[in-house]
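Under the working numbering, the residues of the sequence shown are numbered 630 to 830, in order.
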Amino acid sequence: MEQTEVLKPQTLDELIQILHEIFSSDTINVEEVQDIMESYESNPLDWMKYAQFDQYRYTRNLVDEGNGKFNLMILCWGEGHGSSIHDHTDSHCFLKLLQGNLKETLFEWPDKKTNQELEKKAERVLKENQCAYINDSIGLHRVENTSHTESAVSLHLYIPPFDACNTFDQRTGHKSKVKMTFWSKFGNRTPFETALSHENN
Numbered sequence: 630m631e632q633t634e635v636l637k638p639q640t641l642d643e644l645i646q647i648l649h650e651i652f653s654s655d656t657i658n659v660e661e662v663q664d665i666m667e668s669y670e671s672n673p674l675d676w677m678k679y680a681q682f683d684q685y686r687y688t689r690n691l692v693d694e695g696n697g698k699f700n701l702m703i704l705c706w707g708e709g710h711g712s713s714i715h716d717h718t719d720s721h722c723f724l725k726l727l728q729g730n731l732k733e734t735l736f737e738w739p740d741k742k743t744n745q746e747l748e749k750k751a752e753r754v755l756k757e758n759q760c761a762y763i764n765d766s767i768g769l770h771r772v773e774n775t776s777h778t779e780s781a782v783s784l785h786l787y788i789p790p791f792d793a794c795n796t797f798d799q800r801t802g803h804k805s806k807v808k809m810t811f812w813s814k815f816g817n818r819t820p821f822e823t824a825l826s827h828e829n830n
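Structure (structure tokens):
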């Protein structure tokens, strides 16, 4: 089928509207979604109200619930903040840099029979406006803001939404299931009790 020209969202709101249109059907064209995510040029005026930081760890801030089809969120990474190594619970995950740089390290899935260090597949540094894609068939990953002077902000799209994932110990491959929570929803801080979480995804 002939690929139509990519719609270029001018604002975050336009991007959200286009995503709602795309996901009104049940088929996902990964390249199309990645192109649209990448074509939105980051403008802090669009996303600043969602970008809420914590001093001690990165935060997950819900932007749009996508009628149950997807979750769009903004993650805020202080200097030196990073995730654990984690999977994506059979979801598609798109990660777009809105500000700063993030290092992504890909790992192979652990061998279930042995307690071995996870094998590193690749690593790269994502820069502003770049968009990466991962799913469980590609592997596991860890995302880090390695800067000690600059914060970073990223836009994440998960299809379908999920509220738990598995994290992995790099040395042993040991897996732990963790529940994920939001630091804020739609620009409003979530109640403290529900925002507490042990995960680091």
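Yeah, the Cβ is synthetic: ideal placement off N, Cα and C, and Gly gets one too. Computed from a prediction, not measured in an experiment: that's the story for all the values here.
- In this structure, the alpha-carbon of residue 795 lies about 21 Å from that of residue 698.
- Your pair residue 726 and residue 750 does not check out as a contact, with CB atoms roughly 20 Å apart and the cut at 8 Å.
- The beta carbon of residue 670 is closer than 7 Å to those of 758 in its chain, skipping five residues each way along the sequence.
- Remark: C-beta atoms of residue 774 and residue 710 approach each other more closely than 8 Å.
- In terms of Cβ geometry, residue 689 and residue 811 form a close pair [threshold 8 Å].
- Cβ atoms of residue 723 and residue 639 stay farther apart than 8 Å, at about 19 Å.
- Note on residue 728: 16 or more other CB atoms within 10 angstroms of its CB, so buried under the neighbour-count rule.
- For secondary structure counted as the alpha helix (DSSP H) over 4 or more consecutive residues, the segment 635-708 holds these complete runs in sequence order: 641-651, 659-668 and 673-676.
- Under the three-state reduction of DSSP, residue 777 is assigned to coil, being neither helix nor strand.
- Residue 637 holds the alpha-carbon nearest to the alpha-carbon of residue 661 among 805, 637 and 641.
- For residue 737, there is no enclosing beta strand (DSSP E), as DSSP marks it with neither H nor E.
- Residue environment analysis places residue 754 among the exposed positions, since fewer than 16 neighbouring C-beta atoms fall within 10 angstroms of its C-beta.
- DSSP, read as helix, strand or coil, puts residue 800 in coil.
- Ranked by how close their Cα comes to the Cα of residue 780, the residues 680, 715 and 701 have 680 in first place.
- Counting along the chain, the unbroken beta strand (DSSP E) around residue 728 starts and ends at 721-728.
- DSSP, read as helix, strand or coil, puts residue 712 in coil.
- Leaving aside the five residues that flank residue 768 on each side, the residues in its chain whose CB is nearer than 7 Å to its CB run, in chain order, 735, 736, 737, 738 and 750.
- DSSP places residue 814 within a strand segment (E or B) once states are collapsed to three.
- DSSP lists 702 and 724 as the bridge partner or partners of residue 785.
- Residue 747 is positioned such that its CB atom lies closer than 8 Å to that of residue 797.
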